[in-house]
Amino acid sequence: MADHKLPRKEVAPRPGQTELRVGRLTKAHGLKGALKLELFTDEPEKRFVPGAVFTLQVPTASKWHGKTLELRELRWYNGHPVGFFAGVDDRTEAETLAKAILWVSQDAAQLPDEDDAWYDHQLVGLDAVRDGVTVGRVARVDHLPAQDLLAIATAGGEVLVPFVKAIVPEVDIAAGTVTLTPPAGLFEELPDDDPEPEGEPAAAEDEPEQAPSED
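Quick note, the sequence shown lines up with residues 1 to 215 if you use UniProt numbering.
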């Protein structure tokens with residue numbers, strides 16, 4: 001998967017554009033205004049380059065509400081991304097940005113560079129087809145540590161489908177469909193095991209004879 005799109009956004013996208021959530025500032029790092037990042041993109045080398053400008057999603061009471069943030073540099077410390085931003089020069093200022101979510105504008109029709117990857121907004125709304133029959137529609141994409149899930153809205157309720165090749169073998173953006181080959185029981189309840197036939201209950205097994213006790 002690539003960058004994530006969420007339904008809640010403070011700034012409306014321009015015509016032909018969509019807003020992608022690409023990261024979250026988790027907490028201040030060090031004394032020089034750096035912030036640790038949680039990345040929501042598979043393309044940090046593309047999104048987090050010097051000069052990149054992000055729209056901020058923050059509470060309305062925040063001093064950063066309605067403002068943008070420009071990246072000066074992205075570094076990696078012990079495998080974790082850390083960002084340095086223009087105008088954020090000390091720890092006190094960095095702490096005012098903790099938990100802010102970073103968004104960027106994206107051409108709504110543009111696909112990710114890698115094969116078999118899509119933005120969330122391209123998947124939401126696609127018909128879910130199983131054995132040639134439409135069984136629901138993609139309502140959202142859930143991104144979990146282990147794997148991504150497609151939330152399929154069906155007549156019987158929501159079904160979470162692992163977004164893996166074995167279960168979702170085809171995504172056809174042009175046709176507006178995702179093809180599903182789910183295991184039995186994912187979209188319907190499996191029948192219970194055959195009940196015991198009516199009649200006399202089965203005889204209990206004989207208990208083993210006890211060994212003679214010693215005198």
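All residues carry an ideal CB built from backbone N, CA and C; glycine is no exception.
- With 16 or more other CB atoms across the displayed protein chains lying within 10 angstroms of its CB, residue 21 is buried.
- Here residue 121 is buried. Its C-beta has 16 or more other C-beta atoms within 10 Å.
- DSSP places residue 147 outside both helix and strand once states are collapsed to three, so it counts as coil.
- For the pair residue 157 and residue 127, the CB atoms are not nearer than the 8 Å cut-off.
- In the structure shown, residue 92 adopts helical secondary structure according to DSSP, grouped into three states.
- Taking the Cα positions, residue 150 is about 5 Å away from residue 161.
- Our two residues, residue 165 and residue 186, have alpha carbons roughly 16 Å apart in a direct line.
- Taking every protein chain shown into account, the CB of residue 19 has 16 or more other CB atoms within 10 angstroms, so this residue is buried.
- Sequence-distant partners of residue 31 (beyond 5 residues in either direction) whose C-beta falls short of 8 Å from its own C-beta, in its chain, are 90, 91.
- In the DSSP assignment, residue 123 falls within the alpha helix (DSSP H) that extends over 120-123.
- Counting only unbroken stretches of 3 or more residues, the beta strand (DSSP E) elements lying wholly within the UniProt domain "RimM N-terminal" (22-107) are 34-39, 53-57, 68-77, 80-85, 101-107, in sequence order.
- Inter-residue distance for residue 68 and residue 134 is about 42 Å (C-alpha atoms, whole angstroms).
- In this structure the segment 46-53 touches the segment 72-87; the number of beta carbon pairs closer than 8 Å is three or more.
- Taking every protein chain shown into account, the CB of residue 147 has fewer than 16 other CB atoms within 10 angstroms, so this residue is exposed.
- As DSSP reads the structure, residue 158 sits in a beta bridge with 153.
- By the Cβ neighbour-count rule, residue 173 is exposed, with fewer than 16 other Cβ atoms within 10 Å of its own.
- Residue 94 holds the alpha-carbon nearest to the alpha-carbon of residue 34 among 59, 94, 171.
- Burial state of residue 100 is buried, judged by a 10 Å Cβ sphere holding 16 or more other Cβ atoms.
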